[in-house]
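> Numbering (my numbering), first residue to last: 31 to 470.
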RNA sequence: CGGAGUGUAGCUCAGCCUGGUAGAGCACUUGGUUCGGGACCAAGGGGCCGGAGGUUCGAAUCCUCUCACUCCGACCA
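Printed below as a string of C-alpha cells:
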C-alpha cells in the first residue's frame, strides 16, 4: 500500500477527550474515530488490526473444535424473558421497539439465543458435544464508557458456547477453551494470566478471567512471576486428549494469580520474591455454568437410556476490540505504538526520505515491489513530507520494521533496517533486508 | 446514577471576569527555498462561538433551559 493513497488521518496533537495512552495513540494514529460516547468507527489502520486479531481468535477456536456461526445483533425480548434476564439486566441493556411495537434489544451477550438454536436442533445426546462461537458486535449501555475501545459501549467480541451431555464433558470443553485462550493470546505476543474469577450475572461455579499485565491496567493483580516464564506456545494441541488437557490446565492454574478481590495476602506472601504485584486488563473470560440456561429454556435431549438429558453449558468470551487497546497499553513508547508482528496492520514500512530524487525513488520502488512480492505487506511512505515527519508517522503507527531509503544509502546501495521495538538500526542491501524480515 | 468540568476553525487553545462586528499555533491551498527525526518564507481559504429562549441599542461574553462530551466515584468483556 502506498501511504499517499492510504486513508491515514494522523493527528499531531492529542484530542482532549483521550486520557489513557491507548486511546490517545489510536486517535493520533488514525485507527478510530469516536462517534458517540463509547462508540467508534474503525478506520483502515485500526480495522486491519481488528481483523488480524479476530483471525487469530478464529483460527484457535477452530483448532480447538469450536464452529463459527453468526448470530444477530438485534434480539427479541421474548427470548430473554424465558431466562428471566430481561428484567435482571437493567439499564445496561439497550432496549428497542420496532415499528410493530415489538420489544427488541441490542444483544449484550448471546446465551439465550444460542440456547434457542440448540433447542430447535439438538435431539439426541449423540448431537453433543458441540461448541458454537461467533464474532459479533455487542452493546452494553455502560453508565460511564471510558478508556477508548477498552471500555466502549459497542464492542466486538468473540463468544463461544459449549454443550455437553454431562459435567465431565463440560469440564473438557472448558479445558479446551482454557488452553485455546492461552495459545490465542500468546500468538498476539501477550502473556494472558488465567485467574479464578467470580461468575457474576452469568452464573455457574467455574470461571477464569484472562488478564494481561499493563501498567495502566484497570485492576490490581498479584501473580507468581514464574508464570511469566512459561512458554505458552508450547502447549499441547491435541484437544481430544482429555487427561492431557486437564494436566495442562492444572499446571497453569497451579501458579498463584489473583485479582484484587480474590487476593489472599497470606497465601501470596509465601511466594516471597516471586510475588509480582501489577496491574492488569481483562481480555477474556470463560465460564462453566451448568444447566442454568438449558434448564430455564427447556433445552432437553434424548439420553442414552431413554431418559431426558439437560445439557451442561459453558460460555467463553474474548474482547476482540478491547484487545486492540490492550495490546497498545502493553506495547508502546513515547513515540507511539509498537505492534507485535502477528497483529501489525502492515508487515513493514518503507520510508523514502527524498521523494523526487531519482536514486531514492528507484531504490524505494524496487524495495516496495520486492517486499510486496515476498508477502511482507509493506506500507510505502511515498509522500513528499520531511524526513522527520515520515519517521514520526512510522513510529506512531508502530509497524514492526522500518526500511529507510535515503540519499546516503541509495549511493551506497543500502537501506537502513530499523526494528520498531528497541529501535536498533542496521544498514544492509535490499536482499539482506528482505531476508532479515522474512526470517523474523 | 452521585460529584466536578468542558463545548469558539479539521486539531490544540486564547478571548468571556469588566458586552461593542472573532484570534493564535498546527493542519489545509498556491508559489518558492529546503531535505536523515514532526523544515522555512510569502500569499490564501476556512468559524450563524453546541442548541433554544431571555436581558440589552448591541451577546462568544450576562441570565434561564437544553443537548453533547470528558474526568472522579459506584458498576462492567
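C-beta: ideal position from N, C-alpha, C; glycine also.
Is residue 222 buried or exposed, if buried means 16 or more other CB atoms sit within 10 Å of its CB?
By the 10 Å Cβ count, residue 222 comes out buried.
> Classify residue 173 as buried or exposed, calling it buried when 16 or more other Cβ atoms lie within 10 Å of its own Cβ.
By the neighbour-count rule (16 or more Cβ atoms within 10 Å), residue 173 is not buried but exposed.
> Tell me the rounded alpha-carbon separation between residue 140 and residue 188.
Distance between the alpha carbons of residue 140 and residue 188: 11 Å.
> Just the Cα atoms here: how many angstroms apart are residue 425 and residue 366?
Computed Cα separation, rounded: 6 Å.
> When the Cα atoms are used, what is the spatial distance from residue 246 to residue 52?
Roughly 9 Å separates the two Cα atoms.
> Considering only the alpha carbon of each residue, which of 453, 351, 41 lies closest to residue 368?
For the residues 453, 351, 41, the minimum Cα distance to residue 368 belongs to 453.
> My understanding is that residue 193 touches residue 341, with C-beta atoms under 8 Å, so please give their C-beta distance in whole angstroms.
That pair is a contact at about 5 Å.
> Given that a residue counts as buried once 16 or more other Cβ atoms are within 10 Å of its Cβ, and exposed if not, what is residue 142?
Per the 10 Å Cβ criterion, buried.
> Can the beta-carbon of residue 371 be found less than 9 Å from the beta-carbon of residue 199?
Not closer than 9 Å, so no.
> Since residue 145 is in the alpha helix (DSSP H), which residue starts that stretch and which ends it?
Element bounds for residue 145: 141 to 151.
> Label residue 152 either buried or exposed according to how many other C-beta atoms from any shown protein chain fall within 10 Å of its C-beta, with 16 as the threshold for buried.
Buried, since its Cβ has 16 or more Cβ neighbours within 10 Å.
> Between which residues of its own chain and residue 358 is the CB-CB distance below 6 Å, once the five residues before and five after are set aside?
52, 55, 367.
> Give me the DSSP bridge partner(s) of residue 400.
In the DSSP output, where bridge partners are listed per residue, residue 400 has none listed.
> Please state whether DSSP places residue 423 in a helix, a strand or coil.
Three-state result, residue 423: helix.
> For residue 381 and residue 434, which I take to be in contact (beta-carbon distance under 8 Å), what is that distance rounded to the nearest angstrom?
Correct: roughly 5 Å between the Cβ atoms.
> Just mark residue 312 as buried or exposed, buried being the case when its beta carbon has 16 or more other beta carbons within 10 Å.
Residue 312 is buried by the Cβ-count criterion.
> Cα separation between residue 301 and residue 295?
Each residue's Cα considered, the two are about 10 Å apart.
> Could you check the C-alpha separation between residue 414 and residue 120 for me, to the nearest Å?
Roughly 54 Å between the two C-alpha positions.
> Using 8 Å as the threshold, is the segment 272 to 289 in touch with the segment 318 to 329, meaning 3 or more CB pairs across them?
No, the segment 272 to 289 is not in contact with the segment 318 to 329.
> If you follow the alpha helix (DSSP H) that residue 35 is part of, which residue opens it and which one closes it?
Counting along the chain, residue 35 falls outside any alpha helix (DSSP H), and DSSP gives it neither H nor E.
> Going straight from the alpha carbon of residue 160 to that of residue 360, what length do you get?
Answer to the nearest angstrom: the Cα atoms are 34 Å apart.
> Leaving out five residues before and five after residue 378 in sequence, what residues of the same chain have Cβ atoms less than 8 Å from its Cβ?
Here the set comprises 401, 406, 407, 408, 409, 429, 430, 431, 432, 433, 467.
> Would you grab the beta carbon distance between residue 60 and residue 40 for me? Rounded to a whole angstrom, and I think it's under 8 Å.
Confirmed, about 5 Å.
> Which residues share a DSSP beta bridge with residue 315?
DSSP, once it has assigned bridges, lists 239, 347 as partnering residue 315.
> For residue 261, count neighbouring C-beta atoms within 10 Å of its own C-beta (all shown protein chains included) and say buried if the count is 16 or more, exposed if not.
Residue 261 is exposed by the Cβ-count criterion.
> Under 8 Å from any heavy atom of the ligand GDP, does the C-beta of residue 209 make it?
Because no ligand of any kind appears in the structure shown, any question about the ligand GDP cannot be addressed here.
> Buried or exposed for residue 420, please, with buried defined as at least 16 other CB atoms from any protein chain shown within 10 angstroms of its CB.
With 16 or more other Cβ atoms within 10 Å, it is buried.
> Does the Cβ-Cβ distance between residue 440 and residue 389 come in under 9 Å?
Yes, the pair counts as a contact, with Cβ atoms nearer than the cut-off.
> Per DSSP, what kind of secondary structure is residue 249 in: helix, strand or coil?
Note: residue 249 maps to strand in three-state DSSP.
> What are the boundary residues of the beta strand (DSSP E) that residue 322 is part of?
Taken as a continuous stretch (DSSP letters only), residue 322 belongs to no beta strand (DSSP E), being part of the alpha helix (DSSP H) at 322 to 326.
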